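K.L.:
Below you'll find the structure I mean.
Written out as structure tokens, the structure reads:
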């Protein structure tokens, strides 16, 4: 991409430790996507790349759960990605990671397993657009507010999960997450 | 239960596209067999006295007048029969749309974020109490630009009714108090330029007026 491809997830999609991921109604191909998240500490609008890290208050590890079949259908029709990305339980997150635990967001390893089998194993140095660049770019169009979350993309290795699977993920020596997948009834 | 602060309390806005047959046709879109949903973030709200700003790089900003329904209580997977119990009031809204960004997104299969979610893309009226709109399926709504009539429709022409929409939405996305449902726009959408004044109304219920400015 020549410019960041942005989409949003509503706060209704958050789940935290102890809650389960639910495959949305009609979805037959749900995918895991492990991501580093940056949490905004104060309102920012039209800020520069140089200022951007002043507006980050901490981090989290997240899964951008995606209904891949819904996404392919939406892409084929030119439709919004709403059903693919925004459904309830589509944003499992870790606890808050203090800023000093991640001194350089451009130097973070992150991994994701399904039923203990390694699926994703990447590094934020491979991000095309850096976190400061992303925050500055996003803030030109969408005012960011305290507590807002920026998801910074996922490395290769995304794949399907089924009801009963357990997704684990981690940033070595920083945090780990574990979430169970179930069918929505 | 006062929802006058809905734009500060709500967490999201869920909107439906192509919900009026004549509007779907005017943009060359097929009629939907199920609701086409997208969202707007709360950062896109503006109220009386604030101006609409054309987003960076947009050369075709369109007005889209819509009836909005405000959710008064959390609801998840509710039935159509229960849906109106979860509506606490209404508003008149403009779903401002960067049509050029939207056309580009549709061609590339990209999200509609840049087209629909930008700052100032959701001018809204004050909350309209429930009793002022006894039947949401029988509401006239109009939109003018610089006093020239552009949209003049009625919610009777909606393809998917408000109760159906709320029920459908709630099966995928839990709705929370203060959330807003935008119910679609009738035919007559068109471009606005910096300096234009957009007015809109529901006869005998409410009027809105917003200036369009170039982003500085």
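Residue numbers (this note's numbering), protein chains in the order written: chain A, 268 to 452; chain B, 32 to 247. Ideal Cβ positions, reconstructed from N, Cα and C, are used throughout, including at glycine. Keep in mind the model is a prediction, meaning the values are calculated, not measured.
(1) So, for residue 53(B): in the same chain, excluding its five sequence neighbours on each side, which residues have a beta-carbon less than 8 angstroms away from its beta-carbon?
(2) Taking a contact to mean a Cβ-Cβ separation below 8 angstroms, would you say residue 208(B) touches residue 277(A) in this structure?
(3) Determine the extent of the beta strand (DSSP E) in which residue 183(B) is found, giving its start and end residues.
(4) Which class does residue 233(B) belong to by DSSP, given the choice of helix, strand or coil?
(5) Mapping DSSP to helix, strand and coil, what is residue 444(A)?
(6) For the beta strand (DSSP E) that contains residue 69(B), what are its first and last residues?
(7) Note the first and the last residue of the continuous alpha helix (DSSP H) segment covering residue 147(B).
(8) Could you give the distance in angstroms between the alpha-carbon of residue 180(B) and the alpha-carbon of residue 413(A)?
(9) Starting from residue 214(B), follow the alpha helix (DSSP H) in both directions and report where the run begins and ends.
(10) Does the CB of residue 207(B) have a neighbour CB from chain A at under 8 angstroms?
(11) Give a yes or no on whether the C-beta atoms belonging to residue 120(B) and residue 161(B) are separated by under 8 angstroms.
(12) Inspect the beta-carbon positions of residue 330(A) and residue 442(A) and report whether they are closer than 8 angstroms.
(13) Buried or exposed: residue 392(A), going by 16 or more other Cβ atoms within 10 Å of its Cβ?
(14) With H, G and I counted as helix, E and B as strand and the rest as coil, what does DSSP make of residue 89(B)?
(15) Do residue 438(A) and residue 377(A) come within 8 angstroms of each other at the CB atom, strictly closer than that value?
(16) Between the Cα of residue 243(B) and the Cα atoms of 125(B), 34(B), 59(B), which residue gives the shortest distance?
(17) Per DSSP, residue 134(B) forms a beta bridge with which residues?
(18) Using the rule of at least 16 other Cβ atoms within 10 Å of the residue's Cβ for burial, across every protein chain shown, is residue 370(A) buried or exposed?
(19) Enumerate in chain order the residues of its own chain whose CB-to-CB distance from residue 32(B) is below 7 angstroms, with the five nearest sequence positions on each side excluded.
(20) Which residue from 164(B), 49(B), 196(B) puts its Cα closest to that of residue 215(B)?
P.N.:
Result, derived from the coordinates:
(1) Within the second chain, residue 53(B) is the residue found at index 22, counting from 1. Within its own chain, the residues whose Cβ lies closer than 8 angstroms to the Cβ of residue 53(B), once the five positions on either side in sequence are excluded, are 184, 188, 217, 218, listed in chain order.
(2) Start at 1 with the first residue of the second chain, and residue 208(B) comes out as number 177. Start at 1 with the first residue of the first chain, and residue 277(A) comes out as number 10. No.
(3) Counted from its first residue, the second chain places residue 183(B) at position 152. Start and end: 179-185.
(4) The sequence position of residue 233(B) within the second chain is 202, counting from 1. Strand, per DSSP.
(5) For this step, residue 444(A) is matched to residue 177 along the first chain. Correct three-state label for residue 444(A): strand.
(6) Working through the second chain from its first residue, we reach residue 69(B) at position 38. From DSSP, the beta strand (DSSP E) with residue 69(B) extends over 67-71.
(7) Counted from its first residue, the second chain places residue 147(B) at position 116. Residue 147(B) -> alpha helix (DSSP H) spans 144-147.
(8) Along the second chain, read from residue 1 onward, the residue named residue 180(B) stands at position 149. Along the first chain, read from residue 1 onward, the residue named residue 413(A) stands at position 146. Roughly 40 angstroms separates the two Cα atoms.
(9) Looking up residue 214(B) in the second chain gives position 183. Residue 214(B): not part of any alpha helix (DSSP H); DSSP gives it neither H nor E.
(10) Here the question's residue 207(B) lines up with position 176 in the second chain. Yes, residue 207(B) lies at the interface with chain A (some Cβ there is under 8 angstroms from its Cβ).
(11) Locating residue 120(B) in the second chain gives position 89, where the first residue counts as 1. Locating residue 161(B) in the second chain gives position 130, where the first residue counts as 1. The Cβ atoms of residue 120(B) and residue 161(B) sit closer than 8 angstroms to each other.
(12) As a working mapping, residue 330(A) is identified with position 63 in the first chain. As a working mapping, residue 442(A) is identified with position 175 in the first chain. Taking the C-beta atoms as reference points, residue 442(A) is found no nearer than 8 angstroms to residue 330(A).
(13) Position 125 of the first chain holds residue 392(A). When all chains shown are included, residue 392(A) counts as exposed.
(14) If you number the second chain from 1, residue 89(B) lands on position 58. It is coil, neither helix nor strand.
(15) The count along the first chain starts at 1 and reaches residue 377(A) at position 110. The count along the first chain starts at 1 and reaches residue 438(A) at position 171. Their beta carbons are under 8 angstroms apart, which means residue 377(A) touches residue 438(A) by this criterion.
(16) As a first step, residue 243(B) is located in the second chain; it is residue number 212 there, counting from the start. Here the closest residue by C-alpha is 125(B).
(17) Counting from 1 along the second chain, the entry for residue 134(B) is found at position 103. Note: residue 134(B) sits in no beta bridge, so no partner.
(18) Residue mapping note: residue 370(A) aligns to position 103 of the first chain, counting from 1. By the neighbour-count rule (16 or more Cβ atoms within 10 Å), residue 370(A) is not buried but exposed.
(19) Sequence index remark: in the second chain, residue 32(B) carries index 1 (1-based). Per-residue confidence for residue 32(B) stands at a pLDDT of 49, beneath the threshold of 50, marking its modelled position as unreliable; the derived number appears in the next sentence. Closer than 7 angstroms at the Cβ level, and outside the excluded window around residue 32(B), lie 103, 119.
(20) Sequence index remark: in the second chain, residue 215(B) carries index 184 (1-based). The residue with the shortest Cα to Cα distance from residue 215(B) is 49(B).
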